[in-house]
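The opening position of the sequence shown corresponds to residue 19 in the numbering used here, with each subsequent residue numbered one higher. Notes follow once the structure below has been shown.
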Amino acid sequence: MPKITNVYLDNKRGTWYAKVSLGFDDRGKRVTKTKRGFSTQKEAKKWHDEFKANKTEASFLEYNTMSLGNFVNDFYLPDYKGRVRLRTLNQAMGKMKRLETFYDKKLIEITPILIKKWHNDLLKENLTNNYIRSLHQILQQILDLAVKLDMLTNNAARKVGNLRKTKARVDFWTKEEFETFIATFDRNDTLELLKFTSIWFLFLTGLRLGELMALKWADIDFHNGTVRIDKSMYYKSKHEWYITDTKTSSSRRLLYIDKITMNHLKVWKEKQKEIGEIEFIFSLDGLPFGTTFLKKAIDSHSKYAGVKRIRVHDLRHSHASLMLSLGMNDLEMQNRLGHGDIRTTLGTYSHLRLDAMKNVAEKLSGQIELLEEDKLHSNFRGNQHIKKYPKL
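What follows is the structure in structure tokens.
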């Protein structure tokens, strides 16, 4: 006898019974309604379908009492923690505080109109579209899991849709601006020399800050002029930091370093030896510097130099701009920057490519010459089948 969904044989009584799911309580336990004593599967199935069809929205709300807060803590976070890196988890946890406005509401009560109002409230705080998009994406992932676990029939966040994506601003220093800025450091001072070497290295390599902080002297090959990038650092405080994998598998790479940058590293290594044997390259005391260390250096020295202030991450963009000006192609840029997908490279630096294309046009100007005395006299008179009109 074929199996009918939600209909079961009561072996003790020799009759059939049916179960209807009414939802989940506040701890995630499924609430069901059971009816026994049917002579046939068909009768049991008929009762099931009629009961489910007649069940009102009010009764559905009555039994589906699990709140979003309980669902996040009991189901979503345990699942999410097993799938992402520690850095990603901590970043998400910070953003999830913005979702607490929904935590006391039942899953079933999170409606499209409620989500849209949340969008509007966030926009009133002058938060960027892209930041709000990231918050919406987390809410959507949470409700996706609720649908997957049959705690919801549909995802209200998907129905509303996310905000329009805006192109993030990419700021950078030109070669001339960097030269003006970097000349302001007193390299006779140990702390200033560390700042100088760190910022110089970021500008000339395009490394992410976490990759720079994780570098050890063992990663440098002075003979061949290379640096091995195979790890990153997740920094929370002076007493809590972790060496992690690189952002993507493509971020593991071997970079060739120019001779001047290598010489700056050698100078710093000798200065660092006066302090002691230190494993990390960019360190004064054997510990990594904080994430605001270079930010403060850029803020103060850019003001003194009279150049625009940029973020530490914009040194990576500055390196990309420099590479474009030197004629490096997209694939070479992707490999040097450690992007997992060339579309990331193209999407991030497409506006810089326009300047490079302008330079190409300028270089093409005058390359091909047509001298009057070299012109050939041709018998070609155009397409003979085209009707010719008299000159006006």
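By construction, the Cβ of each residue, glycine as well, lies at the ideal position given by its N, Cα and C atoms. The structure presented is a predicted model; accordingly, all values stated were derived computationally and were not measured.
Between Arg271 and Ile247, the C-beta spacing is below 7 Å.
The three-state reading of DSSP puts Tyr253 in strand, counting E and B together. Contact between Glu229 and Thr264 holds: CB atoms are separated by about 7 Å, below the 8 Å threshold.
Under DSSP, Glu118 takes part in no beta bridge, so it has no partner. In the three-state reduction of the DSSP assignment, Arg176 falls in the helix class.
Between the alpha carbons of Ser85 and Lys249 lies a gap of roughly 39 Å. In this structure, Phe199 sits away from Ser343, with a CB-CB distance that is not shorter than 7 Å. For Arg271, the beta-bridge partners assigned by DSSP are Ile247.
Taking 8 Å as the upper bound for CB-CB distance, Tyr322 and Thr202 are in contact here, some 5 Å apart. The beta carbon of Gly224 is closer than 7 Å to those of Arg334, His337, Ala338, Arg354, Leu355 in its chain, skipping five residues each way along the sequence. Put simply, the backbone Cα of Gly87 is about 41 Å away from that of Phe190. Counting only unbroken stretches of 4 or more residues, the alpha helix (DSSP H) elements lying wholly within the stretch 205-235 are 208-223, 227-232, in sequence order.
The beta carbon of His331 sits closer than 8 Å to the beta carbons of Arg226, Leu227 from its chain, once the five residues preceding and following it are set aside; these are given in chain order. Secondary-structure assignment with DSSP links Tyr35 through a beta bridge to Tyr26. Around the beta-carbon of Ser269, 16 or more other beta-carbon atoms lie within 10 Å, marking it buried. Per DSSP, Glu258 is one residue of the beta strand (DSSP E) stretching across 258-262. In this structure, Lys53 keeps its C-beta atom at 7 Å or more from the C-beta atom of Val25. In terms of CA proximity to Leu212, Val285 leads the group Gly243, Gly32, Val285, Val245. Taking C-beta atoms as the reference points, Gly243 and Ile278 fail to come closer than 7 Å. Residue range 193-200 is occupied by the alpha helix (DSSP H) that includes Glu194. In the pairwise beta carbon analysis, the stretch 161-169 is classified as touching the stretch 88-107: at least three pairs are separated by under 8 Å.
Residue burial is scored here from C-beta neighbours: Tyr94 has at least 16 other C-beta atoms within 10 angstroms and is therefore classed as buried. If you check the CB distance, Thr129 and Ala174 come in under 7 Å.
Under the 8 Å Cβ criterion, the stretch 124-140 counts as touching the stretch 174-184, having at least three qualifying pairs. DSSP links Ser85 through a beta bridge to Lys124. Rounded to the nearest angstrom, the gap between the Cα atoms of Gln290 and Leu283 is 10 Å. Per DSSP, the beta bridge partners of Lys53 are Ala36. In this structure, the straight-line span from the alpha carbon of Lys313 to that of Phe307 is close to 11 Å. Counting the other CB atoms within 10 Å of its CB gives Ser216 a total of 16 or more, which places it among the buried residues. The three-state reading of DSSP puts Phe190 in coil, since its state is none of H, G, I, E or B.
By the CB criterion at 7 Å, Leu107 and Tyr252 fall outside the cutoff.
Annotation: Asp303 to Phe240 spans about 23 Å, alpha carbon to alpha carbon.
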